[in-house]
Amino acid sequence: MHSERPSWFLRLAAWGGLVFLHFPILVILLYAFNTEDAAYSFPLQGFTLRWFAEAAQRGDVLDAIWLSLKIAAIATLIAMVLGTLAAGALYRRDFFGKEGISLMLILPIALPGIITGIALLSAFKTLGIEPGMLTIVIGHATFCVVIVYNNVIARFRRTSFSLIEASMDLGADGWQTFRYVILPNIATALLAGGMLAFALSFDEIIVTTFTAGHERTLPLWLLNQLTRPRDVPITNVVAMLVMLATMLPILGAYYLTRGTSDVAGGGK
């Protein structure tokens, strides 16, 4: 008789995979609280919050965090607007060139980051735009739009168009239909897409490297710290904070979209 319980081998393999993936993260978490300022002394000598206090007093750390937050917020806002508009335009009707437009929307996240970065840098140089905060925002928005677009168009496809038709039959104009019918149906998908886009933008490094110029976002700051072994404890603290800052939006997006397949008009 077939058992629905997984075999011990599959369970062992699953737990082994989880340990393999998360062990480096655990190492960073442990050494962020290590009393020793040596790079990675083992065993740990004690527990301290000293490095958190020192990181909070570093102006370069705070500047990098603030810059990353601003860029991620602006890129996410742009992505939420453009991604929602694109999803609304493409989700229902077929027209010539639709597949090509869909491909162009998804392409930035499908391409390797280094290709996207080089392409963006070449475009900015051609247009005479100097790399800086503006170019970073544009670069991040190119792949953040994809995240929002995919989330919203999936929700659009599970929302019955009869709701929109009923709203129009009852005399609502386009804005009222969007405000009171469409937006409530796509709200969680839109918010989840925005949270995922924020997390991706906050820790993006490859595209940022090509578009940052003299700006230093938090991921670039962390990359530069690899050549400074004396700052390893502070680097571990900042890396832990980055992991938390990106993990929380992802978990939030998961809980927002969990169990939402039964929305109005949901089905295959």
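Be aware that the sequence shown starts at 1, since it is given in the UniProt record's numbering, and climbs by one per residue.
The C-beta atom is built at its ideal place from N, Cα and C for all residues, glycine as well.
How big is the Cα-Cα spacing for residue i and residue j?
i: A13; j: L21; result: 12 Å
i: G265; j: F161; result: With a pLDDT of 38 at G265, under the threshold of 50, the modelled position of that residue is not reliable, and the figure given next carries that caveat. Their backbone Cα atoms lie some 8 Å apart in a straight line.
i: T76; j: G16; result: 35 Å
i: E54; j: E215; result: 23 Å
i: P131; j: A119; result: 13 Å
i: V238; j: L30; result: 13 Å
i: S201; j: A72; result: 5 Å
i: residue 283; j: L105; result: What the structure shows of the chain is the stretch from 1 to 268, and residue 283 is not part of that stretch, so it cannot be assessed.
i: V181; j: T188; result: 13 Å
Between which two residues does the alpha helix (DSSP H) carrying residue i extend?
i: G139; result: M133 to R157
i: Q225; result: L218 to Q225
i: N185; result: L183 to F202
i: F52; result: R50 to A56
i: F47; result: Element bounds for F47: n/a, residue is neither H nor E.
i: I205; result: Premise fails: I205 is in no alpha helix (DSSP H) and is neither H nor E.
i: L107; result: K98 to A110
i: G113; result: G113 to L127
So, with DSSP's three-state summary, where would you put residue i?
i: F161; result: helix
i: P6; result: coil
i: F33; result: coil
i: D60; result: helix
i: L248; result: helix
i: Y180; result: helix
Keeping to the same chain, check which residues put their C-beta closer than 7 Å to that of residue i; ignore five residues upstream and five downstream.
i: residue 269; result: Residue 269 lies beyond the residue range present for the chain, which begins at 1 and ends at 268; the question has no answer from this structure.
i: K65; result: According to the sequence as given, residue 65 is Ile; it is not Lys. L218, listed in sequence order.
i: Y91; result: I153, F156 and R157
i: T84; result: V148, V152 and L190
i: T246; result: A199, F202 and D203
Are the beta-carbon atoms belonging to residue i and residue j less than 8 Å from one another?
i: A141; j: I234; result: no
Using 8 Å as the limit for Cβ to Cβ distance, is residue i near chain C?
i: L241; result: In the displayed structure, chain C is absent; only one protein chain is listed.
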